[in-house]
Every structure is written in structure tokens, then in C-alpha cells.
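A.B. asks: Residue 13 is where the sequence shown starts when you use our numbering, and the numbers rise one by one after that.
All residues carry an ideal CB built from backbone N, CA and C; glycine is no exception.
Just so we're clear, the structure is a prediction, and the values are computed from it rather than from any experiment.
Next up is a structure, given as C-alpha cells.
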Amino acid sequence: MKNSALTKAIQASADPERARHFFELLSETEARAALTKISSEQAALLAALFSGSAALGNLLVAHPDWFSILETERLRFPRRYQGFRNEVQTWLPGLLETKDYATALGHLREFKQREMLRIAARDLARLSNVPEITQEISDLADICLEAVYQICRRQFIERFGQPWHQDSNSDWHRTEFCVLGMGKLGGQELNYSSDVDVLFVYSEEGSVFKEEPTKKKIPRTILSNH
């Protein structure tokens with residue numbers, strides 16, 4: 013890699029040997045052309061990323077098309093919850109409609125990995141602070157949990173039917189359900205190694221039906237809605 017910006021960034025990094033290793037791996041991918049024109053600022057950012065995390069270095073090498081999201085100007089500001097949600101909603105509803113759940117989960121996994129790479133790059137390059145980083149990680153976790161819930165609920169209803177419960181007058185109502193974030197997730201203070209603690213909450217014990225039940229309908233399947 014005959015690039016003075018890369019050489020200086022590697023030498024100034026916390027772990028020059030590791031940084032050089034990942035730059036060499038990256039130069040063997042489709043990101044090679046971009047590396048030859050890299051700025052000093054972006055070279056320093058990538059060197060900090062590679063020095064700080066071998067796992068993230070391997071992730072970028074496996075996805076060289078993500079190189080463009082690590083441009084310094086694109087990392088100066090955090091992404092907001094609504095931005096995460098809007099991106100997921102560009103592809104999730106269509107995949108739910110076609111019942112392509114495996115692809116939906118694959119997209120979500122890549123989305124989460126890419127965004128964690130971006131967040132860590134901002135962190136290791138000192139372009140952010142602790143409150144911003146924990147907020148971004150927490151917002152990302154919220155969006156991923158919401159998407160997984162939508163996928164799993166669709167699969168459940170397809171297989172068993174819609175959950176319903178009866179009131180004291182024997183009238184049927186759709187059983188409501190939600191996921192509550194506890195601990196650091198609930199407080200929006202997740203870090204890179206935090207466990208995600210959740211509670212599943214539903215309105216009533218009931219039954220599931222393939223079609224809307226009537227007052228006299230006898231449940232064919234009795235399940236707890238959890």
C-alpha cells in the first residue's frame with residue numbers, strides 16, 4: 013500500500029501491526045481503489061477502528077461495500093431513532109407481505125452489524141461522546157427488537173391464528189401484546205456488551221382463531237399468548 017496517509021495513520025495508531033494487517037486485507041477487496049485515494053482523516057479513522065477491534069476489522073473486510081459509510085463527514089453526527097426506523101420500513105413491510113421471513117431476518121442482521129460498525133467507528137475516532145453512543149446503540153436495539161417482533165408475530169398468526177380473549181360478557185377482543193425493555197435498554201444506556209433484558213406483556217389469557225370469533229364460538233386451540 014503505497015500511500016503516505018495510510019503509512020502515517022498506521023504508525024500513529026494504538027496497534028500498528030493490527031491496523032496494517034486489516035488495511036492489507038481490505039486492499040485485496042473491492043475497496044482497493046478507494047484506499048489509494050484515502051484522505052489522512054479517513055485513514056486515521058480506519059486505523060483507530062482496526063486497532064480498537066479485530067471483530068469490526070473482519071466485518072469491514074467481509075463487507076467492503078460498507079467502506080463508504082465510514083467517511084468522516086458522514087460520521088460527525090449520530091443517527092436518530094426515526095432514521096433507523098424509516099430505513100427498516102423501506103424493506104420490511106414488503107418482505108412480510110410476501111412471507112419471506114428468512115430474507116427479512118437476514119436484512120435485519122446485516123442492518124444491525126453495519127450500524128454497529130458505524131457507531132463504533134464514531135466512538136473510536138472520537139467523533140462522539142458517551143451519551144450519544146449509548147443512545148444510538150439503544151435506539152438500534154429498539155428498532156431491531158420491534159422488527160423481530162413483527163416477523164415472529166406474523167409467523168405465529170400464520171401458523172396458529174390471531175390471539176383473542178373474552179371479557180365478562182363473553183365478548184371477544186383481540187389480545188394486545190408488547191415488549192418492555194428493562195435495565196439499560198429501558199434506560200437507553202446500552203453499551204457494546206450489555207445484555208438486553210425484556211419482558212413480554214399481554215392483556216389476557218385466551219385462545220387463537222384463524223377467523224374472527226363470535227360470542228358462541230368454542231375455542232379450537234387454547235394457548236397462553238407468550
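R44: which of F35, S52 and S51 sits nearest, CA to CA?
C.D. replies: Nearest C-alpha to R44: F35.
A.B. asks: With the cut-off set at 8 angstroms, would you say D154 and Y93 are in Cβ contact?
C.D. replies: Cβ atoms of D154 and Y93: closer than 8 angstroms.
A.B. asks: If the criterion is Cβ atoms closer than 8 angstroms, does the pair L82 and S150 meet it?
C.D. replies: Contact: no.
A.B. asks: Any contact between the segment 112-123 and the segment 160-168? By contact I mean 3 or more CB pairs, one from each, below 8 angstroms.
C.D. replies: With a cut-off of 8 angstroms, the segment 160-168 and the segment 112-123 count as touching, because enough Cβ pairs lie within range.
A.B. asks: Contact check, Y161 vs V191 under 8 angstroms by CB: the rounded distance?
C.D. replies: The Cβ separation is near 6 angstroms, so the contact holds.
A.B. asks: Would you mind reading off the limits of the beta strand (DSSP E) that contains Y214?
C.D. replies: Counting along the chain, the beta strand (DSSP E) containing Y214 begins and ends at V210 to Y214.
A.B. asks: Compute the Euclidean distance between the alpha carbons of S52 and E127, then round it to the nearest angstrom.
C.D. replies: When rounded, the distance between both Cα atoms is 23 angstroms.
A.B. asks: Hey, R88 and L139: beta-carbon distance below 8 angstroms or not?
C.D. replies: Yes, the pair counts as a contact, with Cβ atoms nearer than the cut-off.
A.B. asks: Shortest alpha-carbon distance to P2 belongs to which of G199, Q178 and F79?
C.D. replies: Nothing can be reported for residue 2, as the shown portion of the chain is limited to 13 through 238.
A.B. asks: Compute the beta-carbon to beta-carbon distance between L152 and K196, rounded to the nearest angstrom, for a pair I have assumed lies under 8 angstroms.
C.D. replies: Actually they do not touch by this definition, with Cβ atoms about 13 angstroms apart.
A.B. asks: State yes or no: is the C-beta of L68 within less than 8 angstroms of the C-beta of L129?
C.D. replies: A contact, by the Cβ cut-off of 8 angstroms.
A.B. asks: Please report how far the alpha carbon of L38 lies from the alpha carbon of A26, in whole angstroms.
C.D. replies: Approximately 19 angstroms between the Cα atoms of the pair.
A.B. asks: Which residue spans inside the segment 138-182 form an unbroken alpha helix (DSSP H) run of at least 4?
C.D. replies: Whole alpha helix (DSSP H) segments, 4+ residues: 142-172.
A.B. asks: Could you check if D179 is buried or exposed, using at least 16 other CB atoms within 10 Å of its CB as the buried criterion?
C.D. replies: By the neighbour-count rule (16 or more Cβ atoms within 10 Å), D179 is not buried but exposed.
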